[in-house]
Amino acid sequence: MFLILYLLPLLHLFNQDSVPHIALLGSGGGQRAAVGLVGSLYQMKKDGLLDTLLYLGGVSGSTWSMSSLYSDPQWSTNMNTAVSKLSGPGVELEQALGWLIERAKEEHFSLTDVWGALTSAAFMKQMDLRHLSDDAGQNATNPYPIYSAIENSFSDGPIEGKWFEMSPHESGFPEMGLFIETSLLGSKFQDGRLLEKKPEMDMVKLQEKPTQSILLINYTFIITYTFPPVSLLTEQVLPLILKWEWGTTNNFLYQYQDFPIPSCLHRKESFQLIDAGLFINVSYPSFLGDKRDIDLIIAPEFSAGNMFETLTQARDYAAEVNKPFPKIDDKVLEERDWPKDCYVFEGKDKEPTIVYLPLFNRKNCKGLFHKHTLKERGTRIFWRIFLLYRFTAYIVNDLAWKLIFNLMTCIIGCLVYSYPMNTCKMKNTLPQEM
């Protein structure tokens, strides 16, 4: 109260545009990432920081928990419910099989459908049949969600056609600036004309791209031998494994003439969307540049790769597409084998400031850090229990204090307009997403 009274005379110095745009970007990392993201959001809610987030971005494992969270239109005010879901009962296998059998009848059935169903049933404990576009009509209580993937054929192609993002309003290629309404993703187009509208994909199909291929094969044989009557599913899935076909989607840029489209996209009636973590395991590409004008990126690192790898990959990507990115001191990179719990890479001018948070670090792991590889740390039962509670602890210790200046600016800006915090920020930026 005393702080507010002290700041009241300064309110005339601030306007709505001074509210910082803050994004939390969950990395990939399977179940470790799914649990870790929920843990970090839970603690941010307890500390009064969650309401400052404008965007929530995810790839791979983080998208599992994002899909689960947004099934509750008011999840940011019900974080206890979100946490309890992680230990709740799973989905009956028959329900997941029923969904898969229906998908197997469709034109572009792929291994992504199988993996999405198994992930939803086994890890996130629900078959979320909502559509992503449903979130477009919700109020601004929650951060605006951005899901990311990459187009498979562009492994050696131009970088502009690689990164793909999906939001409640639009889906497409951010570097080319070519998007389609998310409700039409999967429909048939030619030269920009809608030829056939297909039913919108539900969240089970959208939330997951392949990351655990060996596990998928094991699941497939379990399904085959445990439920022999599902012959249609068996006949459809096994050929897909032999072809290794993932994420097939109708190409809305097929023969599009009004923009110079790379030839491998222009001539194909469909493309394949796969796990963005195979390229960059954090969705930095969707949050660089002028479109979202991000001031602060919070990047909890759940990846199993080398520490700082996602940061250096994002730096190289930004340089290639000519977008601003903060300087990373090479001396910091030398700490990859024994990282601190928090790093701040301060942005200048149009560069975003990045708060980088290694999940496993010298503070919370202490003497245990060198006893196991990162992959072992993420899979042992001890570490699975450790994840949720340890992650909330380091959010308390570091993030709250290092964000205080940015968040105070946000609070002041919102006081000026007498709006709840999320209402103010979304009012300023949501039209850019429509």
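With mature numbering (1 follows the signal peptide of the UniProt record, and there is no 0) as the guide, the letters of the sequence shown map in order to residues -16 to -1, 1 to 418. For every residue, glycine included, the Cβ atom is placed at its ideal position computed from N, Cα and C.
Task: TYR301 beta carbon less than 8 Å from that of ILE258 - done: With respect to the 8 Å criterion, ILE258 and TYR301 are not classified as neighbours on the basis of their beta carbons.
Task: Beta carbon of TYR340 nearer than 8 Å to that of GLU253 - done: Not in contact: TYR340 and GLU253 (Cβ atoms no closer than 8 Å).
TODO: Look at the Cβ atom of VAL266, then the Cβ atom of LEU40, and state whether they are nearer than 8 Å.
DONE: No, the pair does not count as a contact, with Cβ atoms beyond the cut-off.
- [ ] Give the secondary structure of HIS5 by DSSP, where H, G and I count as helix, E and B as strand, and everything else as coil.
- [x] In this structure, DSSP gives HIS5 a state outside helix and strand, which the three-state scheme calls coil.
Open item on the list: Between the alpha carbons of GLY170 and HIS5, how many angstroms are there, rounded?
Closed with: Cα to Cα, GLY170 sits roughly 31 Å from HIS5.
Task: C-beta atoms of GLY13 and ALA288 nearer than 8 Å - done: ALA288 is positioned such that its CB atom lies closer than 8 Å to that of GLY13.
Open item on the list: Taking its Cβ as the centre, do 16 or more other Cβ atoms sit within 10 Å of ASN64, making it buried, or is it exposed?
Closed with: By the 10 Å Cβ count, ASN64 comes out exposed.
- [ ] Starting from the C-beta of ILE245, find all residues in its chain whose C-beta is less than 6 Å away, skip the five residues before and the five after it, and write them out in chain order.
- [x] LEU237, listed in sequence order.
Task: ASP277 (DSSP reduced to helix, strand or coil) - done: If DSSP states are grouped into helix, strand and coil, ASP277 belongs with coil.
Open item on the list: Checking 8 Å against the spacing of the C-beta atoms, do PRO142 and PRO269 come in under that value?
Closed with: No.
- [ ] Using a threshold of 8 Å, state whether the C-beta atoms of SER137 and GLU184 are closer than that.
- [x] Result no, Cβ atoms of SER137 and GLU184 do not sit closer than 8 Å.
Open item on the list: Quick check on GLU180: buried or exposed, where buried means 16 or more other Cβ atoms within 10 Å of its Cβ?
Closed with: With fewer than 16 other CB atoms across the displayed protein chains lying within 10 angstroms of its CB, GLU180 is exposed.
- [ ] Could you tell me which residues DSSP puts in a beta bridge with TRP147?
- [x] Checking the DSSP bridge columns, you'll see TRP147 partnered with ILE134.
- [ ] Check the C-beta distance from PHE255 over to GLU135 and give it rounded, since I have them as a contact under 8 Å.
- [x] Yes, they are in contact, since the Cβ atoms of PHE255 and GLU135 sit about 5 Å apart, within 8 Å.
- [ ] Can you grab the Cα-Cα spacing for the pair ASN235 / LEU249, in whole Å?
- [x] One C-alpha to the other measures close to 8 Å.
TODO: Return the CA-CA distance between THR407 and PRO336, expressed in angstroms with no decimal places.
DONE: Low per-residue confidence applies at THR407: pLDDT is 33, beneath 50, and the placement is therefore not dependable enough to give any value.
- [ ] Specify, as a first and last residue, the run of the alpha helix (DSSP H) that ARG16 falls within.
- [x] Here the alpha helix (DSSP H) through ARG16 covers 14 to 30.
- [ ] Would you tell me roughly how many angstroms separate the C-alpha atoms of HIS115 and PRO129, rounded to the nearest one?
- [x] Approximately 13 Å between the Cα atoms of the pair.
- [ ] Would you tell me roughly how many angstroms separate the C-alpha atoms of THR296 and PHE344, rounded to the nearest one?
- [x] Each residue's alpha carbon lies about 18 Å from the other.
Task: 8 Å Cβ shell around LEU317 - same chain, five flanking residues per side excluded - done: Closer than 8 Å at Cβ, skipping near neighbours: PHE292, THR296.
Task: Check whether ASP321 and LYS347 have beta carbons under 8 Å apart - done: Pairing ASP321 with LYS347 gives a Cβ-Cβ distance that is not under 8 Å.
Task: Backbone CA spacing between THR61 and LEU38 [nearest angstrom] - done: About 15 Å.
TODO: Measure how close the beta-carbons of SER49 and ALA18 come, nearest whole angstrom, since I'm counting them as under 8 Å.
DONE: A Cβ-Cβ distance of about 4 Å is found for the pair SER49 and ALA18, placing them in contact under the 8 Å criterion.
Task: VAL3 to GLU144 span [Cα, whole Å] - done: Between VAL3 and GLU144, the C-alpha separation is close to 30 Å.
Open item on the list: Below 8 Å on the Cβ atoms is my contact criterion, and I expect MET28 with LEU21 to pass it. Report the Cβ-Cβ distance as a whole number of Å.
Closed with: Taking 8 Å as the upper bound for CB-CB distance, MET28 and LEU21 are not in contact here, some 11 Å apart.
Open item on the list: Let me confirm a value: GLY121 is counted as buried when at least 16 other C-beta atoms fall within 10 Å, else exposed. Which label applies?
Closed with: Here GLY121 is exposed: its Cβ has fewer than 16 other Cβ atoms, across all protein chains shown, within 10 Å.
TODO: Return the CA-CA distance between SER132 and TRP147, expressed in angstroms with no decimal places.
DONE: As the crow flies, the alpha-carbon of SER132 is around 7 Å from that of TRP147.
- [ ] Inspect the beta-carbon positions of ILE281 and ALA7 and report whether they are closer than 8 Å.
- [x] Result yes, Cβ atoms of ILE281 and ALA7 sit closer than 8 Å.
TODO: Out of SER155, ASP175, GLY261, point me to the one whose CA is closest to GLY45's CA.
DONE: Across the set SER155, ASP175, GLY261, the C-alpha of GLY261 shows the shortest separation from the C-alpha of GLY45.
- [ ] Would you mind reading off the limits of the beta strand (DSSP E) that contains LEU179?
- [x] 177 to 180 is the span of the beta strand (DSSP E), which, as asked, contains LEU179.
Task: Close Cβ partners of GLN58 (< 7 Å) along its chain, the five nearest in sequence each way excluded - done: Counting only Cβ-Cβ distances below 7 Å, and skipping sequence neighbours, we find THR125.
Task: Under the three-state DSSP convention, the category CYS394 falls into - done: Confidence is the limiting factor: at CYS394 the pLDDT is only 42, short of 50, which leaves the residue's position unreliable and the question unanswerable from this model.
- [ ] Reducing DSSP to helix, strand and coil, say where GLU304 ends up.
- [x] In the three-state reduction of the DSSP assignment, GLU304 falls in the helix class.
Task: Boundaries (first-last residue) of the alpha helix (DSSP H) holding LYS311 - done: No alpha helix (DSSP H) holds LYS311; DSSP gives it neither H nor E.
TODO: Round the Cβ separation of TYR240 and GLY176 to the nearest angstrom and send it over; I've been treating them as touching at under 8 Å.
DONE: About 5 Å; that satisfies the 8 Å criterion.
Open item on the list: If you measure between the beta carbons of LEU178 and LEU168, is that distance less than 8 Å?
Closed with: Yes. Within cutoff.
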